[in-house]
Amino acid sequence: MTVRVVVTADNHLNRYVARMPAARLDERRTRLRQAFRQVVDGAVAERADLVVLAGDTFDALDPRNLERAAFANFLAQLRDAGIAVVAVGGNHDSPRQTTDHGGYAPFDEFAEAGLLHYLGKPGGPGELEHVVLNLGGQRILIAGASWSAVGIDGGDPLAAANLPSLGDGAPDWTVVVTHASIEGHSFPGSFEPVVKRDTIAALGADVFIAGHVHHSFTTTIATAGGRPCQVLVPGATEWMTFGEMSGKPGFWIMELRADGTRSLQRKPITPQARVTLEVTGVELQPVGLGGLRPDVETPTEVLLDRIASRENPDALATMRIHGPVAREVYEGLNLSAVHEAGVKGFFTFDLDASGLMPEGIAVPGVSLERRSQAEEIAATVDTLRGQATDTEREFLERAFDLIAPYFVGGSDRAFTSDQRDATASPRPVDEGVQA
């Protein structure tokens, strides 16, 4: 007999986006529910035996009643189809402490209603919380750990964990589910739990499922016993940021066969469209000022034309204007008109002109030299160091060490003096928004 398992994570129902108008936010949340519905409908169509939710099903600990009701209907649909559901919590929908919503997560109410099995304990030493299910003629042990703040500094939340010992015989399949990054696939410079490859090998499970990373991937790791462990990161069911556009959202269908073999099939989900518009200062300058723009077109018209060429009322869009530009060009820009056109032309529109560097404008006490964020921070640290006491300097250095990896654009000279080298890494750009 074959057990069919649908695996999903990072659905972020009830997602909040700062500054997005209420009507647009409601529509955006509807899109996220529609993406999750594709997972549920896919599970029913494929006659799945089990659905695994690997964390961040909800975007917050207190989702709206609308989201709770919709999720309850999804679970009822799965129950009526005879499909079991096992879930762990993620960093968005797990309480950090008992004083946080009384220590309750959104999954608790659904577990108490018998609609799913919730493995809500965070990682730590000892046996993992688990459930044993008899599905498709096979015995499946599912052990799991919800998001753990224990490893928030980059530690391994499962380093001291072990699989439960079943006194009534070994299972046909052992599956571990958690919500954390996997070593080698975590975001560079981030301070978050990371499960080491050696930990996965030592646990000795047949399948290791991890939510949290929004890009999907799969690999195998040899266990201590020599058997291959299938590592599966399902990824998100929708693009949550502009930084995720290199991958496609979706979910997985995994088959666990009685002969010990398994297979994986990726089911893509079409995301809401996104548009990124990059414009450099030289594109705004007329030929006479060393630029590319014909003299007959104003710099504002250049930006309006760029918006019109990609206009899509269903797409979330962002426009970034950056680089050096002549003073007269800068002063001639009508960014209000550009923003208005973007708002009319797209589902949401975010305009970022903070990177424009007007030439020939002198402000007393202010330097317009182009410097990266990392360089600005380093320069500020250098200034403060000269004014600080020994104790203050120690705290200053520690603060710099913690924040420097989060900023992009650093150069070798950005990390001089006594500051340690840090590798700058890009951070995801959030949803397109409009003021």
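Per numbering that gives the first Met the number 0, the sequence shown starts with residue 0, numbered consecutively.
For each residue, glycine too, the CB sits at the ideal point set by N, CA and C.
Under 7 Å, do L49 and L134 count as touching if we go by C-beta distance?
Within the sequence shown, residue 49 is the residue found at index 50, counting from 1. Within the sequence shown, residue 134 is the residue found at index 135, counting from 1. Against a cut-off of 7 Å, the Cβ pair of L134 and L49 comes out as a contact.
On the three-state DSSP scale, how would you describe E108?
As a working mapping, residue 108 is identified with position 109 in the sequence shown. Three-state DSSP puts E108 in a helix.
Starting from G344 and walking both ways along the beta strand (DSSP E), at which residues does that stretch end?
To locate residue 344, count along the sequence shown from 1; it is residue 345. Element bounds for G344: not the beta strand (DSSP E) but the alpha helix (DSSP H), L334 to G344.
For F73, tell me which candidate among D197, V43 and G287 has the shortest Cα-Cα distance.
Position 74 of the sequence shown, counted from the first residue, corresponds to residue 73. Among D197, V43 and G287, the Cα nearest to that of F73 is on V43.
Using a Cβ-Cβ cutoff of less than 7 Å, which residues in the same chain neighbour D218 once the five nearest sequence positions on both sides are dropped?
Looking up residue 218 in the sequence shown gives position 219. Reading the sequence as shown, one finds Thr at residue 218 and not Asp. Cβ neighbours of T218 beyond the five flanking positions: V230.
For the beta strand (DSSP E) that L313 lies in, which residues bound it at each end?
Position 314 of the sequence shown, counting from 1, holds the residue named residue 313. One detail in the question is off: residue 313 reads as Asp in this sequence, not Leu. Element bounds for D313: N311 to V324.
Closer than 7 Å by C-beta to V508: which residues in its own chain qualify, once you throw out the five before and the five after it? Chain order, please.
Coverage of the chain is limited to positions 0 through 434, which leaves residue 508 absent and any answer about it impossible.
Within a Cβ cutoff of 7 Å, which residues of the same chain sit near A272, ignoring the five residues on either side of it in sequence?
For the purposes of this step, residue 272 is identified with residue 273 of the sequence shown, where counting begins at 1. N311, D313 and A314.
For the beta strand (DSSP E) containing G444, list its first residue and its last residue.
Absent from the structure is residue 444, since the part of the chain shown begins at 0 and ends at 434.
Could you tell me the boundaries of the beta strand (DSSP E) in which N133 lies?
Here residue 133 corresponds to residue number 134 of the sequence shown, with the count starting at 1. E128 to L134 is the span of the beta strand (DSSP E), which, as asked, contains N133.
Report the start-end ranges of each beta strand (DSSP E) in the segment 257–312 that is 3 residues or longer and not cut off at the edges.
Runs of the beta strand (DSSP E) inside the segment 257–312: 261–267 and 273–279.
Please state the DSSP three-state secondary structure of F57.
Here residue 57 corresponds to residue number 58 of the sequence shown, with the count starting at 1. Strand.
Looking only at its chain, what residues have a beta carbon closer than 8 Å to the beta carbon of A200, apart from the 5 residues adjacent to it on each side?
In the sequence shown, the residue the question calls residue 200 occupies position 201. For A200, where only same-chain residues beyond five positions count, the Cβ hits under 8 Å are I220, A221, T222, A223 and C228.
Quick one: measure Cβ to Cβ for H213 and N90, integer angstroms, because I've assumed they're closer than 8 Å.
In the sequence shown, residue 213 corresponds to position 214, counting from 1. In the sequence shown, residue 90 corresponds to position 91, counting from 1. At roughly 12 Å, the Cβ-Cβ gap does not stay under 8 Å, so H213 and N90 are not in contact.
For a quick check, are the C-beta atoms of A142 and L127 less than 7 Å apart?
Residue numbering aside, residue 142 sits at position 143 when the sequence shown is read from its first letter. Residue numbering aside, residue 127 sits at position 128 when the sequence shown is read from its first letter. By the CB criterion at 7 Å, A142 and L127 fall inside the cutoff.
Grouping DSSP H, G and I as helix and E and B as strand, with all else coil, what is E45?
Working through the sequence shown from its first residue, we reach residue 45 at position 46. Coil at E45, not helix or strand.
How about G122 and L157: are their beta carbons less than 7 Å apart?
The residue you call residue 122 lines up with position 123 of the sequence shown. The residue you call residue 157 lines up with position 158 of the sequence shown. Closer than 7 Å, so yes.
Are the segment 81–90 and the segment 113–120 in contact at 8 Å, needing three or more beta carbon pairs?
yes
Determine the burial state of P124: buried for a count of at least 16 other Cβ atoms within 10 Å of its Cβ, exposed for fewer.
Position 125 of the sequence shown, counting from 1, holds the residue named residue 124. When all chains shown are included, P124 counts as exposed.
So for E254, helix, strand or coil by DSSP?
Numbered from 1 along the sequence shown, position 255 holds the residue referred to as residue 254. The answer is strand: DSSP assigns E254 an E or B state.
Please report the distance separating the alpha-carbon of L302 from that of P357.
Mapped onto the sequence shown, residue 302 falls at position 303. Mapped onto the sequence shown, residue 357 falls at position 358. Near 17 Å, if we compare the C-alpha coordinates of P357 and L302.
Report yes if the CB atom of V136 is closer than 7 Å to the CB atom of M0, and no otherwise.
Numbered from 1 along the sequence shown, position 137 holds the residue referred to as residue 136. Numbered from 1 along the sequence shown, position 1 holds the residue referred to as residue 0. Looking at the sequence shown, residue 136 is not Val but Gly. For G136 and M0, yes; Cβs fall inside 7 Å.
Buried or exposed: which applies to S164, given that a residue is buried once 16 or more other Cβ atoms fall within 10 Å of its Cβ?
Here residue 164 corresponds to residue number 165 of the sequence shown, with the count starting at 1. With fewer than 16 other CB atoms across the displayed protein chains lying within 10 angstroms of its CB, S164 is exposed.
Would A340 count as contacting chain D if we go by Cβ distances under 7 Å?
The chain inventory of the structure shown lacks chain D, comprising one protein chain alone.
Could you check if F394 is buried or exposed, using at least 16 other CB atoms within 10 Å of its CB as the buried criterion?
To locate residue 394, count along the sequence shown from 1; it is residue 395. Exposed, since its Cβ has fewer than 16 Cβ neighbours within 10 Å.
Since L255 contacts V2 with CB under 8 Å, what's their CB separation in whole angstroms?
Numbered from 1 along the sequence shown, position 256 holds the residue referred to as residue 255. Numbered from 1 along the sequence shown, position 3 holds the residue referred to as residue 2. Rounded, the Cβ-Cβ distance is 4 Å, consistent with contact.
Taking only three categories from DSSP, how would you classify D389?
For the purposes of this step, residue 389 is taken as residue 390 along the sequence shown, with counting starting at 1. D389 falls in the helix class under three-state DSSP.
Thinking C-alpha only, which one of N13, D25, A8 and L12 is nearest T347?
For the purposes of this step, residue 347 is taken as residue 348 along the sequence shown, with counting starting at 1. Of the listed residues, the one whose Cα sits closest to T347 is D25.
Using the Cα positions of V328 and Q284, report the straight-line distance between them to the nearest angstrom.
Within the sequence shown, numbered from 1, the residue matching residue 328 stands at position 329. Within the sequence shown, numbered from 1, the residue matching residue 284 stands at position 285. So the alpha carbons of these two residues sit roughly 6 Å apart.
For S335, count the other beta carbons within 10 Å of its own beta carbon; 16 or more makes it buried, fewer makes it exposed. Which is it?
Numbered from 1 along the sequence shown, position 336 holds the residue referred to as residue 335. With fewer than 16 other Cβ atoms within 10 Å, it is exposed.
Closest to F345 by C-alpha separation, out of N333, R309, V380 and V324, would be which residue?
Your numbering for residue 345 matches position 346 in the sequence shown. The shortest C-alpha separation from F345 is found at R309.
Indicate whether D205 and T173 have their beta-carbon atoms separated by less than 7 Å.
Residue numbering aside, residue 205 sits at position 206 when the sequence shown is read from its first letter. Residue numbering aside, residue 173 sits at position 174 when the sequence shown is read from its first letter. Yes; because the gap between Cβ atoms is below 7 Å, this pair is in contact.
Pull the bridge partners of S145 from the DSSP assignment, please.
In the sequence shown, the residue the question calls residue 145 occupies position 146. Residue pairing by DSSP places S145 opposite P121 in a beta bridge.
Which term fits G364, buried or exposed, when burial requires 16 or more other beta carbons within 10 angstroms of its beta carbon?
Residue 364 sits at position 365 when you count from the first residue of the sequence shown. Low confidence applies here, because G364 scores a pLDDT of 46, under 50, leaving its location unreliable; read the following figure in that light. G364 comes out exposed.
Out of A75, M244, V175 and A377, state which residue places its alpha-carbon closest to the alpha-carbon of A144.
If you number the sequence shown from 1, residue 144 lands on position 145. For the residues A75, M244, V175 and A377, the minimum Cα distance to A144 belongs to V175.
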